[in-house]
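Notes to accompany the following structure.
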Amino acid sequence: MNILIVGPSWVGDMVMAQTLFQCLKQRHPQCEIDVLAPEWSRPILERMPEVRKALSFPLGHGALELATRRRIGKSLAGQYDQAILLPNSLKSALVPFFAGIKQRTGWRGEFRYGLLNDVRTLDKERYPLMIERFMALAYEPNAELPKPYPRPSLQIDPVTREAALAKFGLTLDRPVLALCPGAEFGESKRWPSEHYAKVAEARIREGWQVWLFGSKNDHAVGEDIRARLIPGLREESVNLSGGTSLAEAIDLLSCADSVVSNDSGLMHVAAALNRPLVAVYGSTSPGFTPPLAEHVEVVRLGLDCSPCFDRTCRFGHYNCLRQLMPDAVNDALQKLQGSVVEVH
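Take 1 as the starting number for the sequence shown in UniProt numbering and just add one per residue.
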């Protein structure tokens, strides 16, 4: 049985999609799973043993380009028994339709009748978690999901990890605190730089080193955090934001002894690497997309105005993050001490 997955467009969602792949392998041990997704997601998919192939999808988020979708669909004709769509958009249903895949499964959304022939109606109360909404597509409609739920688990090649360490001149002679201060979603997910700097300072004074991760958009934030450290401590930190590929970031993040992250894609990557993790929540909620790992501490204030899920604070104060003090995160890190685990 060959299954084509149309993958999501965000890092965290792609990591969480592994729960679907795991469920499919449990139901159909001999099935082969290919994932059609943006090229940036290849390093994630290549670290999932359930995935046979990552198929690069050349169109940007939101682009229709009907002719291109038809061409891709025709190129996949006759190869798959089922397609499962994780996005709810009409556009995402076009390639499986053009490919003529016999069973095309997905949640109802954006007038996809006809494009899908196994249309599910989502009961949000029954499946409140995003992973439940992914996993449910592996089973018959309204099925009870087997527990315990699987957890994403990215597999690391020691050779590529050593190459990444060598490329950036990094050593593991001291414990590593990884900080992930960015969030593509917007300002309402970003814990302030000054708070991250206080956490970094506390760990460096205890003999740790600090590595900052993120995209090129997060480089300035990383520099701001480092600038807040006094000379002598600043040199024990390195800003990798924007300097690594996603593949290198994943491999290097697997070396961390502890991670502090906003609710972001890298938070889910750290969880899937089974790193001891402090997840900082502001405008969003761990009730929908929690980090799925054993050694996790979630830190949030739970103000009356949160979670609001807005990209920017409607009141302009961002108190759900600004009033969340570094001591809370340092205390959470302390709880995680001794929970260091090997990454596979």
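Ideal Cβ placement from N, Cα and C applies to all residues, glycine included.
Remember, it's a predicted structure, so these values are computed and weren't measured experimentally.
Bridge partners for residue i per DSSP, in chain order?
| i | result |
| --- | --- |
| Gly-109 | Beta-bridge pairing links Gly-109 to no other residue. |
| Asp-118 | Thr-105 |
| Asn-2 | Glu-32 |
| Leu-277 | Val-259 and Val-296 |
| Trp-211 | Ala-178 and Val-238 |
| Phe-57 | Pro-38 |
| Val-51 | Ile-33 |
| Gln-82 | Ile-3 and Gln-103 |
Out of the options, state which residue places its alpha-carbon closest to the alpha-carbon of residue i.
| i | options | result |
| --- | --- | --- |
| Ala-270 | Ser-283, Ser-254, Val-280 and Thr-284 | Ser-254 |
| Leu-212 | Val-259, Pro-175 and Gly-12 | Val-259 |
| Asn-239 | His-268, Gly-182 and Ile-156 | Gly-182 |
| Glu-248 | Leu-266, Gly-222, Leu-301 and Ile-204 | Leu-266 |
| Leu-333 | Pro-290, Leu-301 and Trp-208 | Trp-208 |
| Cys-180 | Arg-205, Val-278 and Leu-129 | Val-278 |
| Ser-193 | Gln-337, Lys-53 and Val-280 | Val-280 |
| Ser-285 | Leu-321, Arg-27 and Gly-316 | Leu-321 |
| His-219 | Leu-336, Leu-301 and Thr-244 | Thr-244 |
| Leu-20 | Leu-137, Leu-122, Ser-241 and Leu-59 | Leu-137 |
| Val-296 | Thr-121, Gln-337 and Ala-143 | Gln-337 |
| Lys-102 | Ala-178, Glu-50, Pro-58 and Asn-2 | Asn-2 |
| Tyr-139 | Gly-106, Pro-38 and Tyr-80 | Gly-106 |
| Met-14 | Val-51, Lys-25 and His-28 | Val-51 |
| Glu-236 | Glu-206, Val-221, Pro-326 and Pro-96 | Glu-206 |
| Asn-330 | Leu-273, Gly-214, Ile-204 and Leu-246 | Ile-204 |
Using the Cα positions of residue i and residue j, report the straight-line distance between them to the nearest angstrom.
| i | j | result |
| --- | --- | --- |
| Asp-173 | Lys-167 | 16 Å |
| His-344 | Asp-304 | Because His-344 carries a pLDDT of 47, less than 50, the predicted location of this residue cannot be relied on, and no value is offered for it. |
| Cys-31 | Phe-288 | 29 Å |
| Leu-4 | Val-35 | 6 Å |
| Ala-202 | Arg-126 | 43 Å |
| Lys-335 | Arg-300 | 16 Å |
| Gly-100 | Gly-73 | 8 Å |
| Gly-169 | Glu-184 | 27 Å |
| Arg-104 | Ala-54 | 19 Å |
| Lys-189 | Pro-307 | 11 Å |
| Arg-234 | Ser-261 | 20 Å |
| Arg-275 | Pro-175 | 13 Å |
| Leu-177 | Ile-131 | 28 Å |
| Val-298 | Ser-283 | 14 Å |
Would you mind giving the Cβ-Cβ distance between residue i and residue j, rounded to the nearest angstrom? I have them listed as a contact below 8 Å.
| i | j | result |
| --- | --- | --- |
| Leu-154 | Met-16 | Leu-154 to Met-16, Cβ: 12 Å. No contact. |
| Arg-151 | Leu-292 | 5 Å |
| Leu-145 | Leu-115 | Rounded, the Cβ-Cβ distance is 26 Å, inconsistent with contact. |
| Ile-250 | Pro-43 | 6 Å |
| Met-241 | Gly-12 | Note that residue 241 corresponds to Ser in the displayed sequence, not to Met. With a Cβ gap of about 17 Å, Ser-241 and Gly-12 do not count as contacting. |
| Leu-94 | Arg-69 | 4 Å |
| Arg-133 | Leu-122 | 7 Å |
Hey, does residue i have any beta-carbon neighbour from chain D nearer than 7 Å?
| i | result |
| --- | --- |
| Met-1 | The chain labelled as chain D is not found in the depicted structure, where only one protein chain is given. |
- Message: Check whether the stretch 222 to 237 and the stretch 193 to 204 are in contact - that is, three or more C-beta pairs closer than 8 Å.
- Response: Short answer: they touch.
- On the three-pair Cβ rule with 8 Å, is the stretch 1 to 17 touching the stretch 85 to 103? Contact holds: three or more Cβ-Cβ distances are below 8 Å.
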